[in-house]
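Heads up: the sequence shown begins at 11 in my numbering, then just goes up one per residue.
By construction, the Cβ of each residue, glycine as well, lies at the ideal position given by its N, Cα and C atoms.
Notes follow the structure.
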Amino acid sequence: MTISLAQLRRCSAAIDIGAARTRVYVKHQGLVVDEPTVAAINTRSGALLAVGAQAEVMDGRTPDYIRVVRPVSNGTIVDIDMAQRLLRTLVGDKLRRTWRRRPSMRAAVCLPYGSEPLAQRAAVETLTGLGARRVELVDTLVAAAVGSGLPVEQPEATMIVVCGAGTTQVAVLSLGSIVSAETVPVGGNAIDHAVIQHLRLHHELMLAGQAVRPLQMILSGGDGSTPGSTEVHGRDVVSGMARSVHVDTERVRDAITTPLTSILDGIGAVLRRCPPDLVADLGERGIVLAGGSALIPGLEPMIHQATNMPVHTADRPDTCAVMGLGAMIEGKVQPLHLDPMDP
């Protein structure tokens, strides 16, 4: 993938097509698109009915002839045609006309660490279909570290944990490159599934997928005090009628501990492969959490307890990757120049 900042400075747009949200950063304009990666289509005519937030609201509430699709899975574009239609609608006609007037328009896109060649090709074909003449591929880990304000270009260790919807990526960086990295197939969707299964097994309640996020925010204790129980509305498994139950928040915390443990295993694997000097740096600097699922309840204290390292969450963890990529195309990141010493 691209590591040359000179090539990235020639790009006019930075795009982060995630499994949960799609974000577009335009040079000299900033973040112009931040919408869910969801589209609703009419299966009879093939017409695109809605994209982004409007399509997400339709999920689970449509008749048979309307299908809500997600063209990205685990950070990989699985439906190129639908991804192009989604992006084309999100960026708007005016922005697309501006891109087409530039015959040498370049775009930079974030991809998960260790993406397969087919995944890279899918991203390139998606953006070339929108008018890009050249597509630069950048690791999400590097972009998120830059967006978090970490000095990735310095000869010292920085550790970033990018918690996405489908996967969690862990890496230690130094001198602008990845020293050790690991991708864990656990993300926000796995946490949602654990909450849904807990309510189904212990309360015989089926919970809508969109209702899981508010439950997680209650568990996070954002107001400083976590209530002992939370009222949850859903559908009874046996009767099919609407029903409300009071859920013990501590038991829900225990239910999401199992998937969170996989993230700890990934962090431990990355640290074991790092040189001792870099691990010593991390003992002082700590670990930074980024990604849309970085605010998962209990994740930050669990990592701190398991690693004995300071753990911090980025100011805007959900937009770290695209903002870091935007900083690189704007030329705000300066590499550390190491001139050869040979005569």
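(message) Spatial neighbours of K37 within its chain, please: C-beta separation below 6 Å, excluding the five flanking residues on both sides.
(response) Here the set comprises S22, I339.
(message) So within the segment 41-129, which uninterrupted alpha helix (DSSP H) runs reach at least 4 residues, ignoring any that extend past its ends?
(response) 63-68, 90-110
(request) List the DSSP bridge partners of A191. (result) A181
(message) Please state the DSSP three-state secondary structure of C330.
(response) Reduced to three states, the DSSP call for C330 is helix.
(message) According to DSSP, R144 sits in a beta bridge with which residue or residues?
(response) Note: R144 is bridge-paired with R116 in the DSSP secondary-structure output.
(request) Could you tell me which uninterrupted beta strand (DSSP E) segments, each at least 3 residues in length, are contained entirely in the segment 245-284, listed from first to last along the chain? (result) 252-258
(request) Please report the residue range of the beta strand (DSSP E) in which H38 lies. (result) No beta strand (DSSP E) contains H38, which DSSP labels as neither H nor E.
(request) Report yes if the C-beta distance between G85 and G174 is below 8 Å; otherwise report no. (result) yes
(request) Going by DSSP, name the residue or residues bridged to D26. (result) R33
(request) State buried or exposed for R128, treating a residue as buried only when at least 16 other CB atoms are found within 10 Å of its CB. (result) Note on identity: in this sequence residue 128 is Leu, with Arg being the wrong assignment. Classified as exposed, L128 has fewer than 16 neighbouring CB atoms from the shown chains inside 10 Å of its CB.
(request) For the alpha helix (DSSP H) containing I201, list its first residue and its last residue. (result) 198-213
(message) Looking only at its chain, what residues have a beta carbon closer than 8 Å to the beta carbon of L41, apart from the 5 residues adjacent to it on each side?
(response) R33, V34, Y35, T329, V332, M333, G336
(request) Taking L215 as the reference, give the member of G244, G238, Q94, A65 with the closest Cα. (result) G244
(message) Checking the sheet assignment: what are the DSSP bridge partners for L299?
(response) V171, T323
(request) Kindly indicate which three-state DSSP category V242 falls into: helix, strand or coil? (result) strand
(request) State the Cα-Cα distance for the pair Q179 and R143, rounded to the nearest angstrom. (result) 29 Å
(message) Between which two residues does the alpha helix (DSSP H) holding E340 run?
(response) Here E340 belongs to no alpha helix (DSSP H), and DSSP marks it neither H nor E.
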